[in-house]
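Working notes, structure below.
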Amino acid sequence: MYNLLKGKKGIIFGALDSNSIAWKTAERVHEEGGQFVLTNAPVAMRMGQINDLASKTGSKIIPADATSVEDLQNLIDQSMEILGGKLDFILHSIGMSINVRKGRHYTDQNYDWTQKGTDVSAISFHKLMQTLYKSDAMNEWGSIVALTYMAAQRVFPDYNDMADNKAYLESIARSFGYFFGRDKKVRVNTISQSPTPTTAGSGVKGFDGFIAYAEKMSPLGNATALDCANYTVTLFSDLTKRVTLQNLYNDGGFSNMGVSDAVMSTFIGEE
Numbered sequence: 092m093y094n095l096l097k098g099k100k101g102i103i104f105g106a107l108d109s110n111s112i113a114w115k116t117a118e119r120v121h122e123e124g125g126q127f128v129l130t131n132a133p134v135a136m137r138m139g140q141i142n143d144l145a146s147k148t149g150s151k152i153i154p155a156d157a158t159s160v161e162d163l164q165n166l167i168d169q170s171m172e173i174l175g176g177k178l179d180f181i182l183h184s185i186g187m188s189i190n191v192r193k194g195r196h197y198t199d200q201n202y203d204w205t206q207k208g209t210d211v212s213a214i215s216f217h218k219l220m221q222t223l224y225k226s227d228a229m230n231e232w233g234s235i236v237a238l239t240y241m242a243a244q245r246v247f248p249d250y251n252d253m254a255d256n257k258a259y260l261e262s263i264a265r266s267f268g269y270f271f272g273r274d275k276k277v278r279v280n281t282i283s284q285s286p287t288p289t290t291a292g293s294g295v296k297g298f299d300g301f302i303a304y305a306e307k308m309s310p311l312g313n314a315t316a317l318d319c320a321n322y323t324v325t326l327f328s329d330l331t332k333r334v335t336l337q338n339l340y341n342d343g344g345f346s347n348m349g350v351s352d353a354v355m356s357t358f359i360g361e362e
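Per the working numbering, the very first residue in the sequence shown carries number 92; after that it's consecutive.
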């Protein structure tokens, strides 16, 4: 441990259980000396074990619907009160597609479900940053990170409308990140993570295939949830003060690969 986040305070969204990236990030932030409030939607909190994480890290939990500006304002106000001042870091680790969950194909979407998923997965990030911005809730050189996936750039058929949500999320990070940087000296980035066996990710059809394929394609293999947590810690730290508006790949090199020997061997019948 390097005490990279000693004295820093923030909010971590989306910790569900010990498999989730947000959970691993909370553990690592705690180990590096950071303090934080945990938050998730009330329905997600009932499904997970967030109380265990709060106990382990000495953190408070504030339930919040990230699609509700009122809930977000309450969360930010309470967090600053609990933590004793402005915030230094935020992790947005939220994503949901009802079309995926209910098995609706991309070419046969229920658009009410699509809009709900977009609100949860992408527009919530704008609502969060707008509320932080208007409240002047971030310290200078603070860091805001959202988690994304490479389906925002390339076609992964079974990722469905979540690919559109992630593309929108990344655009919001750049667009709002400009104003947050210019006006508040706050950086905004997204991490494009390898397919990771989380509770949320496992709901995507063919997810095991995603993971196996990416493992064979990536020269360093898939990045784990802990790898992502470690990367996030560096982005929360003062070591990356002028990294902003970036979509940063944490994927073992997958994003720059065309084909690998391991994948070719599979196609031509070699092991």
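We put the beta carbon where it would ideally sit given N, CA and C, even for glycine.
Quantities reported herein were computed from a predicted structural model and do not represent experimental measurements.
Beta bridge counterpart(s) of residue i as assigned by DSSP
| i | result |
| --- | --- |
| tyrosine 240 | Tyrosine 240 is not bridged to any residue. |
| phenylalanine 216 | BP columns for phenylalanine 216 are empty, so no partner. |
| serine 283 | Thr239 and Tyr340 |
| methionine 229 | Leu178 |
| lysine 151 | Val128 |
| histidine 196 | Beta-bridge pairing links histidine 196 to no other residue. |
| arginine 278 | Ser234 |
| histidine 121 | None, per the DSSP bridge assignment. |
Of the residues the options, the one placed nearest residue i, counting alpha carbons only
| i | options | result |
| --- | --- | --- |
| methionine 136 | Ile152, Gln126 and Glu122 | Ile152 |
| lysine 307 | Gly343, Ala157 and Leu330 | Gly343 |
| glutamate 231 | Ala106, Phe216 and Phe271 | Phe271 |
| asparagine 189 | Tyr197, Leu182 and Ile141 | What sits at residue 189 in the sequence shown is isoleucine, not asparagine. The residue with the shortest Cα to Cα distance from isoleucine 189 is Tyr197. |
| valine 277 | Lys100, Asp168 and Phe180 | Phe180 |
| leucine 96 | Arg119, Met220, Ala113 and Ser109 | Arg119 |
| proline 286 | Phe301, Val160, Tyr269 and Ala254 | Phe301 |
| glycine 268 | Glu123, Val334, Gln126 and Ser351 | Val334 |
| leucine 238 | Arg245, Phe247, Met229 and Asn256 | Asn256 |
| methionine 229 | Phe358, Ser351 and Lys177 | Lys177 |
| aspartate 108 | Ser215, Glu161 and Ala117 | Ala117 |
| methionine 220 | Ser283, Gln140 and Ile102 | Ile102 |
| serine 356 | Ala113, Gln169, Tyr304 and Lys275 | Tyr304 |
| serine 146 | Gln126, Glu172 and Gly349 | Gln126 |
| glycine 233 | Lys275, Ile141, Met138 and Phe298 | Lys275 |
| aspartate 199 | His183, Asp252 and Asp162 | Asp252 |
| aspartate 249 | Asp227, Ser215, Val191 and Leu223 | Val191 |
| glutamine 244 | Tyr322, Asn131, Thr130 and Leu339 | Leu339 |
| isoleucine 141 | Ala106, Leu174 and Cys319 | Ala106 |
| alanine 320 | Asn341, Phe298 and Ala155 | Asn341 |
Burial state of residue i (16 or more Cβ within 10 Å)
| i | result |
| --- | --- |
| valine 236 | buried |
| asparagine 347 | exposed |
| leucine 311 | exposed |
| serine 150 | buried |
| alanine 242 | buried |
| leucine 330 | exposed |
| glutamate 261 | buried |
| valine 246 | exposed |
| methionine 187 | buried |
| phenylalanine 358 | exposed |
| lysine 225 | exposed |
| glutamine 284 | buried |
| glycine 360 | exposed |
| glutamate 123 | buried |
| valine 128 | buried |
| lysine 115 | buried |
Expected contact under 8 Å - CB spacing of residue i and residue j to nearest Å
| i | j | result |
| --- | --- | --- |
| alanine 316 | threonine 289 | 7 Å |
Element boundaries [alpha helix (DSSP H), containing residue i]
| i | result |
| --- | --- |
| valine 134 | 133-138 |
| valine 211 | Counting along the chain, valine 211 falls outside any alpha helix (DSSP H), and DSSP gives it neither H nor E. |
| phenylalanine 271 | 253-275 |
| aspartate 156 | Per DSSP, aspartate 156 belongs to no alpha helix (DSSP H) and is neither H nor E. |
| aspartate 352 | 352-358 |
| aspartate 299 | 298-308 |
| alanine 320 | 316-327 |
First and last residue of the uninterrupted beta strand (DSSP E) at residue i
| i | result |
| --- | --- |
| lysine 100 | 100-104 |
| valine 128 | 126-130 |
Short CB-CB distance (under 8 Å) between residue i and chain C
| i | result |
| --- | --- |
| aspartate 143 | Reference to chain C is not applicable here, since this structure consists of a single protein chain. |
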